[in-house]
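Numbering (our numbering), first residue to last: 366 to 538.
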């Protein structure tokens with residue numbers, strides 16, 4: 366049963382990746398066709414050079430926008446509430462959304478039932494949140510760094526098979 370499960374998970378992942386590539390290729394083809402279409406007011410169609418320059422200009426604007434947002438995001442205050450919100454988002458993406466009646470500890474224990482390997486990381490984030498919100502203790506920089514590293518481990522690709530498992534085999538918790 367274990368090998369079949371792994372084969373199914375990887376098969377679904379490869380199929381999803383292939384489907385994403387096909388959709389991306391169709392979108393690019395449609396975009397090029399749209400860019401090469403006639404201009405309004407009866408002007409001639411764009412030549413390939415103009416299409417290429419427009420594409421470069423758009424890519425440049427998107428890159429600058431992305432870098433600006435990334436820089437602003439790093440400058441924002443990413444306290445304990447931010448890390449707990451990211452944990453809630455991560456859990457929701459894993460197929461385990463936070464229930465309104467759950468406390469942070471209850472939600473953490475529900476996550477731990479599906480991801481016991483992440484016990485330390487989930488507990489770090491929840492403890493920091495509880496200390497900050499309920500204990501009214503400002504977090505130290507070291508604690509925030511540990512929480513940031515814990516979130517990075519939660520998002521690690523080696524956790525993805527377990528996350529896929531929770532999507533397809535919904536736990537009864």
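Note that beta-carbon positions come from the ideal geometry of N, C-alpha and C, so glycine has one too. The structure displayed is predicted, hence computed values, not measured ones.
Asked	Found
Residues of its chain near residue 491, where Cβ-Cβ distance is below 6 Å and the 5 sequence neighbours each way are ignored	469 and 473
Secondary structure, alpha helix (DSSP H): runs of 4+ residues fully inside the region 426-495	445-458 and 469-479
Simplified DSSP state of residue 501, which is helix, strand or coil	coil
Boundaries (first-last residue) of the alpha helix (DSSP H) holding residue 523	Looking at the DSSP string, residue 523 is not in any alpha helix (DSSP H), and its letter there is neither H nor E.
Residue 516 versus residue 394 - alpha carbon distance	37 Å
Residue 422 (DSSP reduced to helix, strand or coil)	helix
Minimum C-alpha distance to residue 448 - residue among 497, 387 and 525	497
Residue 380 versus residue 486: straight-line alpha-carbon distance, rounded	31 Å
Exposure label - residue 445; buried when at least 16 CB within 10 Å	buried
Boundaries (first-last residue) of the alpha helix (DSSP H) holding residue 392	367-400
Contact the region 413-430 vs the region 446-466: 3+ CB pairs below 8 Å	no
Own chain residues within Cβ distance below 8 Å of residue 443, not counting five before or after	509 and 513
C-beta atoms of residue 378 and residue 529 nearer than 8 Å	yes
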